[in-house]
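J.:
Shown next as structure tokens:
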């Protein structure tokens with residue numbers, strides 16, 4: 004490449020200007036540091052450890068550092084800030100519990116230099132990842148007795164008491180044996196995954212990951228994350244077992260392999276419990292009539308009752324409600340909701356021979372309002388028994404009332420006010436022996452324009468007991484081995500016309516419009 008004299012001069016000028024800027028920036032950084040400590044103050048020669056050793060009232064803190072090996076860290080060339088409680092604040096600590104001591108120390112040390120002039124809005128992250136702040140001459144609420152002692156590898160602050168230790172939600176669960184059932188279930192999903200961003204050509208990096216907590220769609224919330232706020236109900240082992248015993252019959256599957264069936268039932272029951280435990284943000288004092296939305300998007304009414312009777316405890320990343328002995332959730336709160344199937348969903352329906360099915364929509368000008376998702380399925384046939392079959396997903400071993408919501412013929416205009424049809428229904432589901440059970444409702448049900456001209460709800464079947472569950476949980480969906488696996492639902496509902504030639508002469512038509520199918524739990 005040929006460089007002209009003009010190019011060379013221009014390159015030199017740019018380099019010179021860049022160097023000047025760097026010098027100015029370095030000078031500014033030096034000035035800021037010197038302005039904080041005083042320009043006439045000599046550079047410190049003592050390390051953090053040497054300075055701590057020189058303070059007579061920090062002997063217990065010094066001992067804790069030596070017991071845990073953190074003394075070598077604070078003697079290194081890396082920069083740290085230490086908030087050291089005086090001896091009087093540490094006298095009750097058990098010096099034989101090294102794990103507890105290490106936990107306390109990581110709550111009092113942070114990387115980098117953090118002078119007391121740090122703005123109150125700025126988070127300072129301790130070695131345990133917990134964010135803290137300076138405010139009004141205090142640090143995280145604790146009085147500063149002596150601040151900004153400059154050391155050659157950081158800053159030392161002497162404080163009057165221990166910084167209050169707040170557990171993260173997951174940390175609290177992991178350290179308290181009363182919550183071992185909950186913790187063990189969470190941990191069964193721990194795995195290590197490859198991190199492409201952190202990895203290089205010569206070094207593959209794997210990080211900890213738990214889809215039950217961290218999956219953005221199905222996870223119950225990253226309750227170890229110090230930068231997020233959650234509220235979580237923590238059932239102790241007695242409450243967990245009581246809930247498990249009550250819920251597990253709903254998730255009884257059929258499988259010839261008994262051990263596999265038991266395993267499926269255990270996982271799905273446990274997932275049903277945890278799906279009703281976590282919420283975004285810190286809920287401090289919920290009103291009785293407030294609603295709650297779980298992290299997994301389950302809507303719960305009556306927040307006051309749902310959290311009533313639990314001990315509230317603040318966590319470093321939100322709020323915990325300790326459930327001792329029992330959970331307030333009833334059987335339809337989270338795990339036994341109404342099953343709604345939109346009729347227009349193409350993945351869950353098949354037309355019978357000679358039947359046409361078209362998706363229609365409504366708008367603000369339609370004569371019929373309150374159509375679910377503003378769309379419905381129009382079904383017509385030239386046959387006497389034309390109709391459609393719906394696959395019903397995720398049924399439990401429960402008792403259901405089966406409803407079909409029809410859209411009034413008025414949706415097509417006033418001239419349809421006299422339109423009517425006759426329908427019959429057939430329900431199929433798996434029996435407890437793995438064989439198909441069939442129930443028929445052959446009594447011709449007339450569907451016509453109601454007085455108010457809106458949605459016509461027909462109860463096709465009442466209080467039908469489903470002996471086994473046909474349910475696929477979220478963790479199953481996340482399993483890589485199940486990607487692309489077709490799910491064959493064992494529960495179906497057939498809706499078809501029963502309009503004879505004689506009926507047709509009386510004005511009945513072989514046409515109907517379905518908004519949705521609803522399986523409503525029949526609770527005693």
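Numbering (our numbering), first residue to last: 4 to 527. Glycine residues also receive a C-beta, built at the ideal position from the N, C-alpha and C atoms. Quick caveat: nothing in here was measured; it's all calculated off a predicted structure.
By the three-class DSSP mapping on this structure, what secondary structure does residue 95 have?
T.: coil
J.: Report yes if the C-beta distance between residue 282 and residue 233 is below 8 angstroms; otherwise report no.
T.: yes
J.: Taking 6 angstroms as the limit between beta carbons, can you name the residues of its chain near residue 69, skipping five residues before and five after?
T.: none
J.: With DSSP collapsed to three states, give me the class of residue 486.
T.: Correct three-state label for residue 486: coil.
J.: Thinking C-alpha only, which one of 381, 409 and 247 is nearest residue 338?
T.: 247
J.: Check this for me: beta carbons of residue 387 and residue 358, under 8 angstroms apart or not?
T.: no
J.: CB-CB under 7 angstroms to residue 128, same chain, minus the five flanking residues each way: which ones, in chain order?
T.: 113 and 134
J.: Under DSSP, the alpha helix (DSSP H) around residue 336 begins and ends at which residues?
T.: Run containing residue 336: none; DSSP gives neither H nor E here.
J.: Just list the residues that DSSP pairs residue 429 with in beta bridges.
T.: 443 and 497
J.: Who are residue 404's beta bridge partners in DSSP?
T.: 523
J.: State the DSSP-derived secondary structure class of residue 418, mapped to helix, strand or coil.
T.: Three-state DSSP puts residue 418 in a helix.
J.: By a C-beta neighbour count over all protein chains shown, 10 Å radius and 16 as the cutoff for buried, is residue 138 buried or exposed?
T.: That one is exposed.
J.: Short of 8 angstroms in beta carbon distance, which residues of its chain neighbour residue 56, apart from the five on each side in sequence? Order them along the chain.
T.: 65
J.: For the segment 287-296 against the segment 205-217, do three or more pairs of beta-carbon atoms, one drawn from each stretch, fall closer than 8 angstroms, so that the two count as touching?
T.: no
J.: Could you say which of 144, 143 and 159 lies nearest to residue 150 if we only look at CA atoms?
T.: 159
J.: Please list, in chain order, all residues of the same chain as residue 228 whose beta carbon is under 7 angstroms from its beta carbon, the five residues on each side excluded.
T.: 320
J.: Exposed or buried, what is residue 433 when buried is set at 16 or more other beta-carbons lying within 10 Å of its beta-carbon?
T.: Per the 10 Å Cβ criterion, buried.
J.: Let me know if residue 110 comes out buried or exposed under the rule of 16 or more other beta-carbons within 10 Å of its beta-carbon.
T.: Classification of residue 110: buried, given that the 10 Å Cβ count is 16 or more.
J.: So for residue 217, helix, strand or coil by DSSP?
T.: helix
J.: Can you check which of these residues, 315, 328 and 266, is closest to residue 570 by C-alpha distance?
T.: Residue 570 lies beyond the range of the chain shown here (4 to 527); nothing can be said about it.
J.: Expressed to the nearest angstrom, what Euclidean distance is found between the alpha-carbon atoms of residue 125 and residue 147?
T.: 18 angstroms
J.: Can you find the residues in the same chain that come closer than 6 angstroms, C-beta to C-beta, to residue 501, ignoring five residues on each side of it along the sequence?
T.: 425, 427 and 447
J.: Taking all protein chains shown into account, do 16 or more other C-beta atoms lie within 10 angstroms of the C-beta of residue 175, making it buried, or fewer, making it exposed?
T.: buried
J.: Can you tell me whether residue 423 is helix, strand or coil according to DSSP?
T.: strand
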